[in-house]
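Trainee: Taking our numbering, I'd label the letters of the sequence shown as residues 1 to 308.
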Amino acid sequence: MSVTLAQMKAVEALSRTGKFSAAAEELGISQPTVSSQVQAFEQLCKRRIFQRKGHTVKVAAGAQELIAKIRVTLKCLADVNEALYSEARMERGTLGVGFSAHRLIMPALTAFVRRYPAIHINTQGGPSLSLLGDVLNGDLDLAAVSMPLADERLFCEEILRSRIVIYGPKSHSALQGSALTLRQLAPEKLVLWNRMSGTRSTLDLAARQAGVTLNCVLEVATLDVAYASAAAGIGLGCAIEGEVQADSNIDVVPLADPELSIGHYLVCLPECREHAAVEAFFGIARAHYGLAGGPVPGDGSIDHRQNL
């Protein structure tokens, strides 16, 4: 016997809702039907997919990868069905978009919304490594992330390559020159992104290679907190050029010696690259940023995921 679409839908719904009753309501079927579909799936797998506790369940250890594949499969099937009707014409549908730097992707996002107002977009901000995981798990359709090189597990297009800049409170003595070196940065208190950030990881790697110890006094997970902390004088922050701009509260200078650059990529699962809304978003991004299109290959000689 082979797994059925109904079994996969029941398993996926239960993995998200954690309750048979909620999964049944979402799918429009009876609770016993959900239970029997899940049981049949587990028998086919010859393994436990869920751990049951009272009226709730959770995904069993080791089954997360299988659940992720089911989600991707269901999304692909849904795309095929919708492509036969309105979604192919972009008259309806949804798109999950993640971004690590909203200012950098906002022009493309704005253009997409204006061109396809019927597409419902769910957005999610976060650090690059977290967003990569969400794309790989099928939780996001695509994401705009910052990383030194393309990730070979995904379809990637580099939309920008920018310098890393340092910013802090207005008139801070370290920010009055045309650039700042790692050696000059070393004695300063720093407000840095958490270690799931591609920008933070790139900076840390450069510091290790230069033999410089950075003094991080505060880790943050959002740009507004990073900006507010730096503007308040808690420490200097780092960002991609264009992600923050000099204003009445902060000064911004590029980091030099070494001058670090980082790519800002649009990424999606290879099997999802031709989904209607995903393909349309990539097309708009290519037009906006003047790209020829096509994937950016990773460098097989470097395991760049270790450095993100």
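Every residue gets a Cβ at the ideal spot worked out from N, C-alpha and C, and that includes glycine.
What distance in whole Å lies between the Cβ atoms of R103 and E243, which are believed to be in contact at a cut-off of 8 Å?
Mentor: Taking the sequence shown and counting its residues from 1, one reaches residue 243 at position 243. Taking the sequence shown and counting its residues from 1, one reaches residue 103 at position 103. The Cβ separation is near 6 Å, so the contact holds.
Trainee: So, for K58: in the same chain, excluding its five sequence neighbours on each side, which residues have a beta-carbon less than 8 Å away from its beta-carbon?
Mentor: Position 58 of the sequence shown, counted from the start, is the residue given in the question as residue 58. Excluding positions up to five away in sequence, the list reads G18, F50 and Q51.
Trainee: Please determine, among D251, V217, V97 and C216, the residue with the shortest C-alpha to C-alpha distance to A231.
Mentor: Residue 231 sits at position 231 when you count from the first residue of the sequence shown. The shortest C-alpha separation from A231 is found at D251.
Trainee: Does L223 come out as helix, strand or coil in the three-state DSSP assignment?
Mentor: What you label residue 223 is simply residue 223 of the sequence shown in a count that begins at 1. Note: L223 maps to helix in three-state DSSP.
Trainee: What three-state label does DSSP hand P319 in the structure shown?
Mentor: For the chain, the structure presents residues 1 to 308; residue 319 sits outside this window and is missing.
Trainee: Are Q31 and S21 touching if we call contact CB-CB under 8 Å?
Mentor: Stepping through the sequence shown from its first residue, residue 31 is reached at position 31. Stepping through the sequence shown from its first residue, residue 21 is reached at position 21. Taking 8 Å as the Cβ cut-off, Q31 and S21 qualify as a contacting pair.
Trainee: Between which two residues does the beta strand (DSSP E) holding H55 run?
Mentor: Counted from its first residue, the sequence shown places residue 55 at position 55. Per DSSP, H55 belongs to no beta strand (DSSP E) and is neither H nor E.
Trainee: So for I29, helix, strand or coil by DSSP?
Mentor: The residue you call residue 29 lines up with position 29 of the sequence shown. If DSSP states are grouped into helix, strand and coil, I29 belongs with coil.
Trainee: Looking only at its chain, what residues have a beta carbon closer than 6 Å to the beta carbon of A144, apart from the 5 residues adjacent to it on each side?
Mentor: Here residue 144 refers to the residue found at position 144 of the sequence shown. The residues are F99, I105 and L266.
Trainee: Could you pull out every residue in the same chain whose Cβ sits closer than 7 Å to the Cβ of G290, ignoring the five residues on either side in sequence?
Mentor: Locating residue 290 in the sequence shown gives position 290, where the first residue counts as 1. Cβ neighbours of G290 beyond the five flanking positions: none.
Trainee: Could you give the distance in angstroms between the alpha-carbon of S248 and the alpha-carbon of P169?
Mentor: Within the sequence shown, the letter at position 248 stands for residue 248. Within the sequence shown, the letter at position 169 stands for residue 169. Rounded to the nearest angstrom, the two C-alpha atoms are 9 Å apart.
Trainee: Assign M1 to one of two classes, buried (16 or more other C-beta atoms within 10 Å of its C-beta) or exposed (fewer than that).
Mentor: Position 1 of the sequence shown, counted from the start, is the residue given in the question as residue 1. Exposed, because fewer than 16 other Cβ atoms sit within 10 Å of the Cβ of M1.
Trainee: Using only the alpha-carbon positions, how far apart do Q176 and S162 sit?
Mentor: On the sequence shown, position 176 is the one that residue 176 refers to. On the sequence shown, position 162 is the one that residue 162 refers to. Rounded to whole angstroms, Q176 to S162 spans 21 Å at the Cα level.
Trainee: Pull up the distance between the alpha-carbon of V296 and that of L136, whole angstroms please.
Mentor: For the purposes of this step, residue 296 is identified with residue 296 of the sequence shown, where counting begins at 1. For the purposes of this step, residue 136 is identified with residue 136 of the sequence shown, where counting begins at 1. Confidence in V296 is poor, its pLDDT being 44 and thus under 50, which makes the residue's placement unreliable; the coordinate value appears in the next sentence. The alpha-carbon atoms of V296 and L136 are separated by roughly 17 Å.
Trainee: Buried or exposed: D141, going by 16 or more other Cβ atoms within 10 Å of its Cβ?
Mentor: Residue numbering aside, residue 141 sits at position 141 when the sequence shown is read from its first letter. Per the 10 Å Cβ criterion, buried.
Trainee: Please state the DSSP three-state secondary structure of H120.
Mentor: As a first step, residue 120 is located in the sequence shown; it is residue number 120 there, counting from the start. H120: strand per DSSP, three-state reduction.
Trainee: Given a threshold of 16 other Cβ atoms within 10 Å of its Cβ, counted over all protein chains shown, does V97 qualify as buried or as exposed?
Mentor: By one-based count along the sequence shown, residue 97 stands at place 97. Answer is buried; the Cβ neighbour count reaches 16.
Trainee: Along the chain, where does the alpha helix (DSSP H) that runs through A232 open and close?
Mentor: The residue labelled residue 232 in the question sits at position 232 within the sequence shown. Careful: A232 lies outside any alpha helix (DSSP H) and carries neither H nor E.
Trainee: Buried or exposed: where does E12 fall if 16 or more other Cβ atoms within 10 Å of its Cβ makes it buried?
Mentor: As a working note, residue 12 is residue 12 in the sequence shown. Looking at its Cβ environment, which holds 16 or more other Cβ atoms inside 10 Å, E12 is buried.
Trainee: Is the beta carbon of A280 closer than 8 Å to that of F112?
Mentor: What you label residue 112 is simply residue 112 of the sequence shown in a count that begins at 1. What you label residue 280 is simply residue 280 of the sequence shown in a count that begins at 1. Yes; because the gap between Cβ atoms is below 8 Å, this pair is in contact.
Trainee: Determine the direct distance from the alpha carbon of S15 to that of I67, and round the result to whole angstroms.
Mentor: Here the question's residue 67 lines up with position 67 in the sequence shown. Here the question's residue 15 lines up with position 15 in the sequence shown. Distance between the alpha carbons of I67 and S15: 8 Å.
Trainee: Count the other CB atoms within 10 Å of the CB of A61; is the residue buried (16 or more) or exposed (fewer)?
Mentor: The residue you call residue 61 lines up with position 61 of the sequence shown. Under this definition A61 is an exposed residue.
Trainee: Identify which residue in A63, G54, H55 and G198 has its Cα closest to the Cα of K46.
Mentor: As a position in the sequence shown, residue 46 is number 46, starting the count at 1. When each option's Cα is compared against that of K46, the closest is A63.
Trainee: Are there 16 or more other CB atoms within 10 angstroms of the CB of A118, so buried, or fewer, so exposed?
Mentor: Stepping through the sequence shown from its first residue, residue 118 is reached at position 118. Burial call: exposed.
Trainee: Which residue marks the beginning of the alpha helix (DSSP H) containing H102, and which one marks its end?
Mentor: Residue 102 sits at position 102 when you count from the first residue of the sequence shown. Where H102 is concerned, the enclosing alpha helix (DSSP H) stretches over H102 to R115.
Trainee: Examine chain C for any beta-carbon lying closer than 8 Å to the beta-carbon of H102, and answer yes or no.
Mentor: Among the chains in the structure shown there is no chain C, since it carries only a single protein chain.
Trainee: According to DSSP, is G133 part of a helix, a strand, or is it coil?
Mentor: Start at 1 with the first residue of the sequence shown, and residue 133 comes out as number 133. Residue state, collapsed to three classes: helix.
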